[in-house]
Amino acid sequence: MPPVRLLGLSALVTLLAFALHAAPEATELRAEGMTFVGNSGAERNIVLRSRLAVFHPADGTAELTDVDAEVSVLDEGISFTMKCEEAELDVKSNDFIARGNVHGTTAEGQRYRAPWVEYSHDEGLLSTDAPVVMEDRSGSFRGDGFRYHMREKRFRLLGNVRVEQAP
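Take a look at the structure:
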């Protein structure tokens with residue numbers, strides 16, 4: 293790992309440790325230009341970059357603004373990328389809920405858009421029950437939600453699926 297990255301990761305760990313163990317009177321900690329790096333043992337890694345992060349030490353959460361996310365599976369590369377206006381991150385579990393103009397791409401090249409998505413780190417599952425548009429090289433699809441299972445690299449649209457064929 294390059295020394296610059298180690299320094300950034302070290303600063304991040306220090307900041308998160310401070311946020312999670314802050315004095316009881318500290319109600320929040322604000323950071324601009326924040327990068328959060330988390331992992332699940334040796335299985336999955338998550339990187340969230342945000343313009344602004346507000347940490348709430350009491351409940352171990354962070355509110356993120358203008359978010360870029362990247363989740364990868366060890367030895368397999370990036371599983372999905374995502375951008376959104378805001379996200380709420382559980383710092384301990386690495387789970388998050390993304391809201392506002394959520395869009396991204398899976399490792400298989402499927403592009404998705406939805407008002408909100410939820411990511412469960414332990415399950416390796418990206419999902420929503422909101423209306424979604426998914427596009428790939430075969431066309432455009434709409435549905436009442438989706439489940440993207442990272443381990444199986446399987447994208448499943450839910451309910452009222454409509455197909456729009458590419459010309």
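For this note's numbering, count along the sequence shown from 1 and bump the result up by 292. Every residue, glycine too, gets a C-beta built ideally from N, C-alpha and C.
Measure the C-alpha to C-alpha separation of residue i and residue j and round it to an integer number of angstroms.
i: D367; j: I338; result: 14 Å
i: N331; j: T373; result: 16 Å
i: A314; j: V329; result: Below a pLDDT of 50, predicted positions are generally treated as unreliable, and A314, at 48, falls in that range; no measurement from the model is reported.
i: M442; j: R403; result: 15 Å
i: P316; j: D428; result: Below a pLDDT of 50, predicted positions are generally treated as unreliable, and P316, at 49, falls in that range; no measurement from the model is reported.
i: S432; j: V424; result: 11 Å
i: D421; j: K445; result: 19 Å
i: A406; j: A345; result: 22 Å
i: T357; j: L321; result: 14 Å
i: G470; j: V394; result: Because residue 470 is not part of the residues shown, which for the chain are 293 to 459, the question remains open.
Under a Cβ-count criterion, where at least 16 other Cβ atoms within 10 Å of its own Cβ denotes burial, should residue i be classed as buried or exposed?
i: R454; result: exposed
i: A350; result: exposed
i: G401; result: exposed
i: R343; result: exposed
i: T319; result: exposed
i: G435; result: buried
i: D387; result: buried
i: R336; result: buried
Round the Cβ separation of residue i and residue j to the nearest angstrom and send it over; I've been treating them as touching at under 8 Å.
i: K384; j: G352; result: 5 Å
i: A390; j: A399; result: Contact flag wrong, Cβ pair sits at about 18 Å.
Which of helix, strand or coil does DSSP assign to residue i?
i: G330; result: strand
i: D360; result: strand
i: G396; result: strand
i: V383; result: coil
Give the DSSP bridge partners of residue i, in chain order.
i: S432; result: E427 and E456
i: E378; result: T357 and R391
Quick check: is any heavy atom of the ligand NAP less than 7 Å from the C-beta of residue i?
i: E380; result: Ligands displayed in this structure: none; no statement on the ligand NAP is therefore possible.
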